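J.:
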Amino acid sequence: MIPNLGGQRVGISAFQFLKIGVGARGVALGETFVAIANDASALYWNPAGLAQFSENEMIFAHTEYVVDIKHEFLGAVYHLGPGDALGFSVTSLHTADMEITTETQPFGTGRFFSFGDLAFGLSYARKMTDQFSFGITLRYVEETLDLLKMRGIVADLGTYYWTGLGTSRFSVVVSNFGADVAPTGEATEFGGGHVNSFQSFSPPTQFKIGFAMEPVEMENQHITTSVELNHPNDNAENVHLGIEYQWEQWLWLRTGLKRTIGERLFGRDNATSNDVTFGFGVAAPVATNRINVDYAYANFNTLGGVHRISLGLTF
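So the mapping is simple: the working numbering equals the position in the sequence shown, first residue as 1, plus 63.
In structure tokens:
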């Protein structure tokens, strides 16, 4: 009954790799993590979440993305004090070298080109009160396509608020906000001409509102539920749902659902690349530290499944 009014915006933004979810936990929850964001993966989801945990943490995440694309994320969070946290992150998307083809040489010219994305982020979060926190991330982004490069700086702004009603909390995040960017360099056309002026594009800015709570809390287990509404500048609005079951402090089971506004609630979502996710996590103490290992699977309707694994270290 609600029409899809944003599908016509597809393909109008650059740096698409910034929209690939980081960390198996958040992805397994259907990417409904802005209102949970209580581990080092908050560096990607919501910088205000860095003030929601007291330990120093590191995270490494690897994604076997579609068509042999690899996605890596490395992040670290250090707490300056009870209410201040500083974070650093590196994101990389890369492929193997690909052979150049032309209209007259469709099986290859013997020359190869590379494609890759790279981002460096610096984050800061502060707990203003026991209920309210805010955070900011500044991120340098670079994309390389053979001889062309595109560079820019984007920012994430996040808030985190405990309502005081049970364990409920909500967050508002604006991610990848920045000025338009355009490639630099010179490309050679098939006919021998040269092009060195290109159209500019906006970064993939998203406005997100999330809500989370624990409807069940017992001594040795609890359930966390979350819902998130996303408004991207280059696609239709979408709603994500997630649920996480925790047993003791060492086992987690997770699943999530992503729905585009205008699509049916159940069944295949034909307006999005992936719609159903699930995964699990385990934790184990190592000396005075703790290691978390998480896995997530995302169903891509056309391109198959995507596997993610992440490793977290608390110290």
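Where a beta carbon is used, it is the ideal one built from N, C-alpha and C, also for glycine. Just so you know, these numbers come straight off a predicted model, no measurement behind them.
Below 7 Å between beta carbons: does that hold for Ser234 and Pro110?
T.: Not in contact: Ser234 and Pro110 (Cβ atoms no closer than 7 Å).
J.: Relative to the alpha-carbon of Asp160, which residue among Arg174, Val244, Thr167, Ser152 has its alpha-carbon at the smallest distance?
T.: Ranking Arg174, Val244, Thr167, Ser152 by Cα distance to Asp160 puts Arg174 first.
J.: Expressed to the nearest angstrom, what Euclidean distance is found between the alpha-carbon atoms of Leu314 and Phe343?
T.: Whole-angstrom Cα-Cα distance: 7 Å.
J.: Suppose the cutoff is 6 Å on Cβ atoms and the five residues either side in sequence are ignored; what does the same chain contact list for Tyr141 look like?
T.: Excluding sequence neighbours, Tyr141 sits near Asn119, Leu149.
J.: Is it buried or exposed, Thr167, if we count other Cβ atoms within 10 angstroms and call 16 or more buried?
T.: The residue in question, Thr167, is exposed, as its Cβ has fewer than 16 Cβ neighbours within 10 Å.
J.: Please go through the same chain and pick out, in chain order, the residues whose beta-carbon is closer than 8 Å to the beta-carbon of Val279, but skip the five residues on each side of it.
T.: Within the same chain, Val279 has close Cβ partners His285, Ile286.
J.: Mind checking whether Ala182 and Thr154 have CB atoms under 7 Å apart?
T.: Closer than 7 Å, so yes.
J.: For Phe197, count neighbouring Cβ atoms within 10 angstroms of its own Cβ and tell me buried if that reaches 16, exposed if not.
T.: The residue is buried, with at least 16 neighbouring Cβ atoms inside 10 Å.
J.: Buried or exposed for Val369, please, with buried defined as at least 16 other CB atoms from any protein chain shown within 10 angstroms of its CB.
T.: Val369 should be labelled buried.
J.: Report all residues from its chain with a CB closer than 6 Å to the CB of Asn239; omit the five preceding and five following residues, and keep chain order.
T.: Contacts found: Leu81, Val217, Pro266, Pro267, Thr268.
J.: Please return the same chain residues whose Cβ sits closer than 6 Å to the Cβ of Gly86, not counting the five positions on each side in sequence.
T.: Hits under 6 Å: Ser104, Ala124, Ser373.
J.: Only counting runs of 4 or more residues, tell me where the alpha helix (DSSP H) segments fall wholly within the segment 66-132, in order along the chain.
T.: Complete alpha helix (DSSP H) runs here, min 4: 87-91, 105-108.
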